[in-house]
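**Student:**
Number of protein chains: 2
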Amino acid sequence: MKTIDILQKKIDALALWEEEVTLERNHFLKVSGSIDTNLYYVVSGSLRMYTISEYEEHTIRFGYQGSFIAALDSFITLQPSLYYIQALKKSQLKVISKTSFDDFIQHKPEHLQLWNELLGALIVDLLEREQDILISAPLERYKRVLKRSPRLFQEIPHKYIAAYLRMTPETLSRLKKS
Amino acid sequence: MKTIDILQKKIDALALWEEEVTLERNHFLKVSGSIDTNLYYVVSGSLRMYTISEYEEHTIRFGYQGSFIAALDSFITLQPSLYYIQALKKSQLKVISKTSFDDFIQHKPEHLQLWNELLGALIVDLLEREQDILISAPLERYKRVLKRSPRLFQEIPHKYIAAYLRMTPETLSRLKKS
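Going line by line, the protein sequences match chains A and B. Mapping of the first sequence onto the numbering used here: residues 29 to 206, in sequence order. Mapping of the second sequence onto the numbering used here: residues 29 to 206, in sequence order.
1. For A/Leu193 and A/Ser74, what's the separation of their Cα atoms in angstroms?
2. Which residues in chain B have a C-beta closer than 9 Å to the C-beta of A/Asn144? List them in chain order.
3. Short of 7 Å in beta carbon distance, which residues of its chain neighbour A/Leu142, apart from the five on each side in sequence? Order them along the chain.
4. Specify, as a first and last residue, the run of the alpha helix (DSSP H) that B/His55 falls within.
5. Identify the continuous beta strand (DSSP E) that holds B/Ile122 and give its terminal residues.
6. Cβ atoms of B/Gln114 and B/Phe56: under 9 Å apart, would you say?
7. Here's the rule: buried if 16 or more other CB atoms are within 10 angstroms of the residue's CB, otherwise exposed. What is A/Ile99?
8. Confirm, please, whether the CB-CB distance from A/Pro137 to B/Gln107 is below 9 Å.
9. Can you give the Cα-Cα distance for B/Lys118 and B/Arg53, rounded to whole angstroms?
10. Cα separation between B/Thr199 and B/Gly61?
11. For a contact defined as C-beta to C-beta under 7 Å, what are the partners of A/Pro108 on chain B?
12. Measuring CA to CA, which of A/Tyr111, A/Ser164, A/Ile88, A/Val152 is closest to B/Tyr111?
13. Hey, out of B/Leu51, B/Ser164, B/Pro178, whose CA is closest to B/Leu116's CA?
14. Under 9 Å, do B/His86 and B/Tyr78 count as touching if we go by C-beta distance?
15. Can you have a look at A/Ser72 and say buried or exposed, based on whether 16 or more other CB atoms are within 10 angstroms of its CB?
Written out as structure tokens, the structure reads:
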């Protein structure tokens, strides 16, 4: 079983989810500037995280069925978050507060260890992402992400994948065909 | 005391450092493609991490006195690392192997908790860095990094800061004066 699934089932077993939220397509889980220290588990649907700087959107991460999503900056620092989180289709999320989650991981070294593994995997993702952004050739960026996250291409609308890859939808279409 | 200092002193107290390494200026701690699962504590000096893609260097991180440095991808996944780590001046490092470090953090929940805090701080850094790279205005990138890491500007040679900020040394000079 994957680390996320194990964690999720343990939170389930302890009945620590505080609520279940349903988001309609295009609706926001949160907007930039607000504090959100919850951790969300995606039961169904898909979402994107993005920022706006210089009047431009930067789509930087996705959540889909079976993944956690959070305004990570807020979750870690308890400060206002930079991120928008928006549903790309109707999505159902289970919610655990930071306080409950902290209690949960402090409760057993095993829980802390699982969380540690997830943080490690997230760091590897972020390092991969850093490389993606620094690579200027669109084909190279496309191939890297296709290899790393094939599921993205099944779950996320074309235009948002293009935004994530920092290319136009037309360029992405051309690369997919080649 | 900062989390890094606490961790470092605890590793000290348990005599878990395996060796001390001295690197001359411009010498490499590791090169891309090799596995290196050690964690290093910088006793003195400064180092940079970089990758090469499309025949171009990308300077992505620095280590200086009082910080940890590691080929994080290797350290987490045990696979070959993408990164070069090079001394920018004569540097002294204390070395702990992944195996010893894992034993250390498993030894006490308190250690795991400290490590967890460091991973959290690293994630926040990586998110900030992602934003840096996505922002196209050089002045904005400069101001963000100056605010976040003022120490960088004391410790690291100008040309490497410029590389990290993805601008020419001339542009950086101009921004510093403005």
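Even for Gly, the Cβ is constructed at its ideal location relative to N, Cα and C.
**Tutor:** Walking through what the data contain:
1. To locate residue 193 of chain A, count along the first sequence from 1; it is residue 165. To locate residue 74 of chain A, count along the first sequence from 1; it is residue 46. Near 18 Å, if we compare the C-alpha coordinates of A/Ser74 and A/Leu193.
2. Taking the first residue of the first sequence as position 1, residue 144 of chain A is located at position 116. By Cβ distance, chain B contributes Ile133, Leu140, Trp143, Asn144, Leu147.
3. Start at 1 with the first residue of the first sequence, and residue 142 of chain A comes out as number 114. Thr31, Ile34, Leu35, listed in sequence order.
4. Indexing the second sequence from 1 puts residue 55 of chain B at position 27. B/His55 -> no alpha helix (DSSP H), and no H or E assigned at all.
5. To locate residue 122 of chain B, count along the second sequence from 1; it is residue 94. The displayed chain sequence assigns Lys, not Ile, to residue 122 of chain B. 119–124 is the span of the beta strand (DSSP E), which, as asked, contains B/Lys122.
6. Translated into the one-based positions of the second sequence, residue 56 of chain B becomes position 28. Translated into the one-based positions of the second sequence, residue 114 of chain B becomes position 86. Going by C-beta atoms, B/Phe56 is nearer than 9 Å to B/Gln114.
7. In the first sequence, counting from the first residue as 1, residue 99 of chain A sits at position 71. Note on residue identity: the sequence assigns Ala, not Ile, to residue 99 of chain A. The residue is buried, with at least 16 neighbouring Cβ atoms inside 10 Å.
8. Start at 1 with the first residue of the second sequence, and residue 107 of chain B comes out as number 79. Start at 1 with the first residue of the first sequence, and residue 137 of chain A comes out as number 109. No, Cβ-Cβ distance for B/Gln107 and A/Pro137 is not below 9 Å.
9. Here residue 118 of chain B refers to the residue found at position 90 when the second sequence is read from its first residue. Here residue 53 of chain B refers to the residue found at position 25 when the second sequence is read from its first residue. Distance between the alpha carbons of B/Lys118 and B/Arg53 is about 5 Å.
10. Here residue 199 of chain B corresponds to residue number 171 of the second sequence, with the count starting at 1. Here residue 61 of chain B corresponds to residue number 33 of the second sequence, with the count starting at 1. Their backbone Cα atoms lie some 32 Å apart in a straight line.
11. Locating residue 108 of chain A in the first sequence gives position 80, counting from the first residue. By Cβ distance, chain B contributes nothing, its closest Cβ being about 13 Å from A/Pro108, past 7 Å.
12. Translated into positions along the second sequence, residue 111 of chain B becomes position 83. Nearest C-alpha to B/Tyr111: A/Val152.
13. Working through the second sequence from its first residue, we reach residue 116 of chain B at position 88. Checked all of B/Leu51, B/Ser164, B/Pro178; the closest Cα to B/Leu116 is B/Leu51.
14. Counting from 1 along the second sequence, the entry for residue 86 of chain B is found at position 58. Counting from 1 along the second sequence, the entry for residue 78 of chain B is found at position 50. Yes. Within cutoff.
15. For the purposes of this step, residue 72 of chain A is taken as the residue at position 44 of the first sequence. Within 10 angstroms of the beta-carbon of A/Ser72 lie fewer than 16 other beta-carbons, which makes it exposed.
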